[in-house]
Amino acid sequence: MQSLYVEGNSVMHRLSPRLKLLSLTIFGVVLFVSGNLILLSITVLLTAVLYRMVGLPFADGLRRLRPVFLTIAVVALFNLIFNPWQEALVPLLRLSALMLLAATVTATTSITEFIDEVTALARPLERTGWVQADDIGLALGLVLRFVPEIVGRYQAIREAHKARGLKVRPTTLLAPLIILTLKDADNIAAAIDARGIRRHVS
Amino acid sequence: MSTRDLVLTALFAAIIVALGLLPPISLGFIPVPITAQSLGVMMAGVVLGARRGAIAVLIVLVLVAIGLPVLSGGRGGLAIFASPTAGFLIGWIFAAFVTGYLSERLVNHQQSGLVQTVSFFLTAMAGGIVVLYAFGITYLATVAGLGFTKAFVGSMAFIPGDVIKAFVAALLGRAVMVGYPLLPSRA
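Listed below in structure tokens is the structure:
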């Protein structure tokens, strides 16, 4: 699976991931305090410039933002029907600026950096007994490893249905898919334990 | 969490991601195609129970946040959380949890298949619709400045599709209960 990270050496690439995530959080909070249209417009422009600096080709950069921007625009339009235009414009600008900065952080932070950051964030939670920080990387790795497997298995089950002249329905396809996939869990768990990957589990 | 539970949640998260990659499933009796990821959230609850189901969904959201295009239509990245509908995404975790919690308590092996299916349907409705929309609508009303009533009315358009998904999730929950029961050994 291709990540949304973009190779590059811009200012944003060089900033520490923790600083970027912290800034994004603070930025999000500050945005929702301000309702000044001019200030918000300037913020959108600045974040757009920042996003441009990532080094994505223009069309690619737009294509990535389209689904999110579409939702923001649809809600703004819906808003416009009931409220004066200023009240519809404020959330449009706010969310656009937030979207642009968030997309910039995503494009300039690699998956490895992110996983390190999530793991570091979960480390203090270990004392509560809820989570073992190292398990997070393991779980994420497992998901990525098995997605192609599951898609392949889905196609195999569909072919088998077709070959037998059965109707292809979600209820008949998904049940065997889920049961077959979850039945693997015991073997995978045994393999993980045999290799001693989770050392904290005795 | 045992290694088996860790693997089960990861595998289910992978199923939810895969559901986003598959072409939309058409139901046959209804012309509307089902985008299956929110179905995956209800299924996580009815198949895995409260804790494991919620963690499976949480794993998917972490993958989104770290910049993998794992949502249907190849969407991903932190920008998704800037969308006015992000409340529905956050609500997924609680939807799976409530669906799972109620399933663990309402459904058992002594019941007939019909009772199991109906119970699963009700739990999927409670978690996947009531709880999910409570989060989604509240967020939409606040962040988009829509106000509660308008956000509520605007979201109603998606309810019929979700009722169908709850029904499919109930059938699947029952099928997995027969084929490979996981609910009783709740984590």
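In order, the protein sequences belong to chains H and U. Residue numbers for the first sequence follow this note's numbering, beginning at 3 and rising by one. Residue numbers for the second sequence follow this note's numbering, beginning at 1331 and rising by one. Yeah, the Cβ is synthetic: ideal placement off N, Cα and C, and Gly gets one too.
Interface criterion met: the Cβ of Glu-89 of chain H is under 8 Å from a Cβ in chain U. According to the DSSP assignment, Lys-22 of chain H belongs to the alpha helix (DSSP H) that extends over 19-35.
Secondary structure of Leu-123 of chain H (DSSP, three-state): helix. Put simply, the CB of Pro-1490 of chain U is far from chain H, with every gap to its CB atoms at 8 Å or more. Under a criterion of Cβ atoms nearer than 7 Å, the residues of chain U adjacent to Thr-108 of chain H are, in order, Gly-1397, Gly-1407, Leu-1408, Ala-1409. The three-state reading of DSSP puts Leu-48 of chain H in helix, counting H, G and I together. Val-1394 of chain U and Ile-1410 of chain U do touch by the CB rule: their CB atoms are close to 6 Å apart, below 8 Å.
Beta-carbon to beta-carbon, Tyr-156 of chain H and Leu-175 of chain H are separated by about 7 Å, close enough to satisfy the 8 Å threshold. Cβ contact annotation for Leu-1352 of chain U (same chain, cutoff 8 Å, sequence separation greater than five): Ala-1366, in chain order.
Not flagged as an interface residue toward chain H: Ser-1433 of chain U, since no C-beta distance is shorter than 8 Å. Under a 10 Å Cβ-count criterion, Met-1373 of chain U is classified as buried, with 16 or more other Cβ atoms of the shown protein chains found around its own Cβ. Listed along chain U, the residues sitting closer than 7 Å to Pro-69 of chain H by beta-carbon distance are Gly-1403, Arg-1405. Judged by pairs of C-beta atoms under 8 Å, the stretch 1410-1419 of chain U touches the stretch 61-80 of chain H, as three or more such pairs exist. Counting along the chain, Leu-1401 of chain U sits inside no alpha helix (DSSP H), nor does DSSP assign it H or E at all. Under the Cβ distance rule, Asn-81 of chain H counts among the residues neighbouring chain U, one pair being separated by less than 8 Å. Under the 8 Å criterion on CB atoms, Ser-5 of chain H is classed as interfacial with respect to chain U. For the stretch 133-150 of chain H, the residues whose beta carbon sits under 9 Å from a beta carbon of chain U are, in order, Val-133, Gln-134, Asp-137, Ile-138, Leu-140, Ala-141, Leu-142, Gly-143, Leu-144, Val-145, Leu-146, Arg-147, Phe-148, Val-149, Pro-150. Interface annotation for the stretch 149-167 of chain H against chain U: Val-149, Ile-152, Val-153, Tyr-156, criterion Cβ-Cβ distance under 7 Å. Counting of Cβ neighbours within 10 angstroms places Phe-1451 of chain U among the buried residues, the total reaching 16 or more.
Of all residues in the stretch 22-46 of chain H, only Leu-23, Leu-26, Gly-30, Phe-34 place a beta-carbon less than 9 Å from a beta-carbon of chain U. Taking the C-beta atoms as reference points, Leu-1398 of chain U is found no nearer than 8 Å to Ala-1386 of chain U. Exclusion of the five residues before and after Asp-1492 of chain U leaves Ile-1459 as the residues of its chain whose Cβ lies within less than 6 Å of its Cβ.
When DSSP states are grouped into helix, strand and coil, Glu-1434 of chain U belongs to the helix group. Straight across, the Cα-Cα distance linking Val-1337 of chain U with Glu-151 of chain H is about 15 Å. Per DSSP, the continuous alpha helix (DSSP H) segment holding Leu-72 of chain H begins and ends at 60-84.
Taking a beta-carbon distance threshold of 8 Å, Thr-1339 of chain U counts as an interface residue toward chain H.
The Cβ of Phe-84 of chain H sits closer than 8 Å to at least one Cβ of chain U.
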